[in-house]
Amino acid sequence: MKILLSEQQLQAGIAELANRLTQEYQNRPITFIAIMTGSLVMLADLIRRLEMPIRVSLIQASSYRGGMESGDLTLDDSAMLDIKGRDCLLIDDIFDTGKTLSKVTERLKQMQPASLSSVVLLYKEGRQTFPLEPDYFVFKIPDEFVVGYGLDYQDLYRNLPYVGVMEKADLLAHPTV
Ligand code: 5GP
Ligand code: MG
23 MKILLSEQQL QAGIAELANR LTQEYQNRPI TFIAIMTGSL VMLADLIRRL
73 EMPIRVSLIQ ASSYRGGMES GDLTLDDSAM LDIKGRDCLL IDDIFDTGKT
123 LSKVTERLKQ MQPASLSSVV LLYKEGRQTF PLEPDYFVFK IPDEFVVGYG
173 LDYQDLYRNL PYVGVMEKAD LLAHPTV
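Mapped onto our numbering, the consecutive letters of the sequence shown carry residue numbers 23 to 199.
Pasting the structure below:
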């Protein structure tokens, strides 16, 4: 595994994001809407650095079917809180083509939040094909397939404390699941 962002870099980036959000939202309540499953590690680290009243809601979006190829996007909003009239912050692990953020944003707007902003950990450069941009991102990264800190390859590696690029040896050693 080639380490792209170390645990220390990630923690510093999340701390800086928490400061920006605190300046922006002050003591206003925020409803986080975490796109499952990739954003959960970042969510856990971020919300513990924030002191305004926070609610956590989940939405499932799956576009990567198993490997590295993108498939059709399916949304499951059965674990959503009521967000009508609330200030909401959508959180995802990585902004790639922009499809996930666009589709989820469309769905959430129908639920009439008071405001809806978005935050992603990683912004993959040069991949965007949808017009929507995230309001906040923590790191820009080159166009490589990354895992760790929530991001998976075939549902594994989410628990790595760093973000890494899988190398040939890692792919060969990858457990068959
Ligand atoms: P988009 O819809 O913007 O094309 O892609 C966003 C989703 O694709 C992310 O939520 C993530 O699940 C997945 N994805 C995109 N790039 C990567 C990557 O480099 N590694 C992993 N593990 N997932 C990715
Ligand atoms: Mg995802």
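Every residue gets a Cβ at the ideal spot worked out from N, C-alpha and C, and that includes glycine.
All values reported here derive from a predicted model rather than from experimental measurement.
Inter-residue CB distance, residue i and residue j (contact presumed, cutoff 8 Å)
{"i": "residue 77", "j": "residue 111", "result": "No, residue 77 and residue 111 are not in contact; Cβ-Cβ is about 10 Å, not under 8 Å."}
{"i": "residue 35", "j": "residue 160", "result": "4 Å"}
{"i": "residue 40", "j": "residue 71", "result": "4 Å"}
{"i": "residue 113", "j": "residue 61", "result": "5 Å"}
Test item: CB-CB of residue i and residue j under 7 Å
{"i": "residue 65", "j": "residue 185", "result": "no"}
{"i": "residue 116", "j": "residue 144", "result": "yes"}
{"i": "residue 121", "j": "residue 80", "result": "no"}
Contact test: residue i Cβ vs the ligand 5GP heavy atom, cutoff 6 Å
{"i": "residue 172", "result": "no"}
{"i": "residue 190", "result": "no"}
{"i": "residue 161", "result": "no"}
is_contact[residue i, chain D] using C-beta, thresh 7 Å
{"i": "residue 102", "result": "The chain labelled as chain D is not found in the depicted structure, where only one protein chain is given."}
Euclidean distance between Cα positions of residue i and residue j
{"i": "residue 195", "j": "residue 188", "result": "10 Å"}
{"i": "residue 69", "j": "residue 171", "result": "15 Å"}
{"i": "residue 57", "j": "residue 43", "result": "19 Å"}
{"i": "residue 138", "j": "residue 74", "result": "17 Å"}
{"i": "residue 162", "j": "residue 84", "result": "22 Å"}
{"i": "residue 52", "j": "residue 109", "result": "5 Å"}
{"i": "residue 118", "j": "residue 174", "result": "14 Å"}
{"i": "residue 107", "j": "residue 181", "result": "35 Å"}
{"i": "residue 191", "j": "residue 179", "result": "15 Å"}
6 Å Cβ shell around residue i - same chain, five flanking residues per side excluded
{"i": "residue 134", "result": "106"}
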